[in-house]
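Residue numbers (the numbering used here): 350 to 565. Where a beta carbon is used, it is the ideal one built from N, C-alpha and C, also for glycine. All values reported here derive from a predicted model rather than from experimental measurement. Down below is the structure, laid out as structure tokens.
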């Protein structure tokens, strides 16, 4: 085994500078792809599934509220024991779902703190340069055509673009992931533009009860 390594090292030493750079770049690409598959991709997919679940839950609450309103109107017009039992069941179910969503929101970082968090972690990471930090428009989690009377939860995304070396970027992402605060990853785009420097475009989000501007 040692002889094989020595032979490979000798072959590498005899390569031209251009060939050495190409091999190094290919090796780094493998490392980057591996990090994405094992570190970033599972987080992004898990957050996508959670958002789908939250959307479905919020949609169910709205449907229940519509049914409750209809039955409440019917009870006022024609009181009926069977209808009243159904009304109470719907109210209980709606309250239970609302409590589940409220518990999720309660454990998330607030929209007003999201951009500051990203910037603070960046300031503590060497080898990175901030290109832009932008708070995107809040989105209702049920659909993008919510009426003015929409009373559900809103998704508050933040888009971050930075440049730096691979290991600095990895250190930044690992620090974000290890923080004792909860938020969700939306998308991740890493591109090597001028080796060894690369560009990272990251979108993360939290949830809130109001369509407020996050700041940043």
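Proximity to residue i [Cα-Cα], best of the options
i           : options               : result
residue 440 : 419, 454, 455 and 546 : 419
residue 444 : 507, 414 and 547      : 414
residue 404 : 501, 442 and 485      : 501
residue 294 : 530, 435 and 506      : There is no way to answer for residue 294, as the model of the chain reaches only from 350 to 565.
residue 450 : 485, 434 and 503      : 503
residue 488 : 433, 517 and 559      : 559
residue 524 : 466, 485 and 510      : 466
Chain-order list of residues whose beta-carbon lies under 7 Å from that of residue i (same chain, five-residue window excluded)
i           : result
residue 521 : 470, 471, 474 and 477
residue 435 : 420
Neighbourhood of residue i by C-beta, 8 Å cutoff - its chain only, sequence neighbours within 5 removed
i           : result
residue 416 : 439
residue 456 : 531
Own chain residues within Cβ distance below 6 Å of residue i, not counting five before or after
i           : result
residue 548 : 512, 540 and 542
residue 458 : 530, 532 and 555
residue 552 : 506, 508, 535 and 536
residue 510 : 480, 481 and 550
Alpha-carbon spacing of residue i relative to residue j, whole angstroms
i           : j           : result
residue 463 : residue 508 : 11 Å
residue 592 : residue 557 : For the chain, the structure presents residues 350 to 565; residue 592 sits outside this window and is missing.
residue 437 : residue 410 : 14 Å
residue 442 : residue 506 : 30 Å
residue 412 : residue 516 : 48 Å
residue 519 : residue 446 : 38 Å
residue 527 : residue 422 : 50 Å
residue 514 : residue 546 : 5 Å
residue 485 : residue 538 : 17 Å
residue 406 : residue 550 : 30 Å
For residue i, the three-state DSSP class (helix, strand or coil)
i           : result
residue 560 : coil
residue 538 : strand
residue 550 : strand
residue 457 : coil
residue 386 : Here residue 386 scores only 48 on pLDDT, less than 50, and its place in the model is too uncertain to base an answer on.
residue 440 : helix
residue 474 : coil
residue 533 : strand
residue 544 : coil
residue 511 : strand
residue 528 : coil
residue 502 : coil
residue 413 : helix
Residue-level contact to chain B via CB, residue i, 8 Å cutoff
i           : result
residue 411 : Here chain B cannot be found, since the structure has a single protein chain.
Residue i beta carbon near the ligand NAD (any heavy atom closer than 7 Å)
i           : result
residue 522 : In the structure on display, the ligand NAD does not appear, and there are no ligands present to speak of.
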